[in-house]
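**Student:** Top to bottom, those sequences are chains Y and F. For the first sequence, our numbering assigns the number 1 to the initial residue and increments by one for each residue that follows. For the second sequence, our numbering assigns the number 117 to the initial residue and increments by one for each residue that follows. For glycine and all other residues, C-beta sits at the position ideal for the given N, C-alpha and C. Quick one: the structure is below, and I'll ask about it shortly.
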Amino acid sequence: DAGVIQSPRHEVTEMGQEVTLRCKPISGHDYLFWYRQTMMRGLELLIYFNNNVPIDDSGMPEDRFSAKMPNASFSTLKIQPSEPRDSAVYFCASSSSQRIGTDEQFFGPGTRLTVL
Amino acid sequence: SQKIEQNSEALNIQEGKTATLTCNYTNYSPAYLQWYRQDPGRGPVFLLLIRENEKEKRKERLKVTFDTTLKQSLFHITASQPADSATYLCALDGGTGGFKTIFGAGTRLFVKA
Chain Y
1 DAGVIQSPRH
11 EVTEMGQEVT
21 LRCKPISGHD
31 YLFWYRQTMM
41 RGLELLIYFN
51 NNVPIDDSGM
61 PEDRFSAKMP
71 NASFSTLKIQ
81 PSEPRDSAVY
91 FCASSSSQRI
101 GTDEQFFGPG
111 TRLTVL
Chain F
117 SQKIEQNSEA
127 LNIQEGKTAT
137 LTCNYTNYSP
147 AYLQWYRQDP
157 GRGPVFLLLI
167 RENEKEKRKE
177 RLKVTFDTTL
187 KQSLFHITAS
197 QPADSATYLC
207 ALDGGTGGFK
217 TIFGAGTRLF
227 VKA
């Protein structure tokens, strides 16, 4: 398996623009997570899905952030409009409830977002 | 509020020595605790999971302890190697059926040859 795939790997945009981050989880995994990592706040859970349904979005910072999972193999995280304080590395991770004895999450390589 | 503390200062040790990293938490009763490794420019990689009813777990050169009374986990790397240099994150989960995992900020480890 190729692991969790994220695109783009780097994104530079100007304040006010819409940003869409994409994620393809590992095939067969039924949980998908979006995290944000900054030096100041570390790794923060934004939202997670189970079987394509959003379960907990309490970590989403503002209404400017939205996430969707239209099918088991694709998810997007959208920021509109983007602001400089949104600059961070965004990680997507997936996990399987079938892995008995562990709740290991498999992380993608991340998208480094810079908002100017 | 729930809080996880890991040494913010980097840990520098000599190759061959044992590295010990600490994870302390407050206002939380996790069902299990995980340790992840993160290299620069990459996502975290899972290393070990230890449950609340387990005191210690080992995997090759890695050893994790979990003291729910002290609210602390220790992560040991024995016979450390320069390739072990990375940031190590601890993560707690309530295990309530959901996946509300909370990560610590991580400790950077440097192993000198």
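Given this structure, state the Cα-to-Cα distance separating Y/N50 from Y/L32, to the nearest angstrom.
**Tutor:** 7 Å
**Student:** Tell me whether Y/G108 is buried or exposed, calling it buried when 16 or more other Cβ atoms sit within 10 Å of its Cβ.
**Tutor:** buried
**Student:** Candidates Y/V4, Y/V12, Y/V115 and Y/L45: which alpha carbon is nearest Y/H29's?
**Tutor:** Y/V4
**Student:** At what residues does the beta strand (DSSP E) containing Y/R41 begin and finish?
**Tutor:** Y/R41 -> no beta strand (DSSP E), and no H or E assigned at all.
**Student:** Which residues does DSSP list as the beta-bridge partners of Y/S7?
**Tutor:** In the DSSP output, where bridge partners are listed per residue, Y/S7 has Y/R22.
**Student:** May I ask you to report which of helix, strand or coil DSSP gives Y/P61?
**Tutor:** coil
**Student:** Between which two residues does the beta strand (DSSP E) holding F/N140 run?
**Tutor:** Residues A135 to T142.
**Student:** Can you check which of these residues, F/R177, F/Q122, F/R158 and F/Q130, is closest to F/A229 by C-alpha distance?
**Tutor:** F/Q130
**Student:** What in chain Y is Cβ-close to F/A202, meaning under 8 Å?
**Tutor:** Using a Cβ-Cβ cut-off of 8 Å, F/A202 is close to nothing in chain Y; its nearest Cβ partner there is about 14 Å away.
**Student:** Give, in chain order, every residue of the region 129-146 of chain F whose Cβ lies closer than 7 Å to some Cβ of chain Y.
**Tutor:** none
**Student:** Is it the case that the Cβ atoms of F/F219 and Y/Y35 are separated by a distance below 9 Å?
**Tutor:** Cβ distance < 9 Å, so F/F219 and Y/Y35 count as in contact.
**Student:** Going straight from the alpha carbon of F/G174 to that of F/T136, what length do you get?
**Tutor:** According to the sequence as given, residue 174 of chain F is Arg; it is not Gly. Roughly 14 Å between the two C-alpha positions.
**Student:** Let me know the secondary structure DSSP gives F/R224 once reduced to three states.
**Tutor:** strand
**Student:** Once DSSP output is grouped into helix, strand and coil, what is the label at F/A126?
**Tutor:** coil
**Student:** Using the three-state DSSP reduction, which class does Y/P70 fall into: helix, strand or coil?
**Tutor:** Y/P70 falls in the strand class under three-state DSSP.
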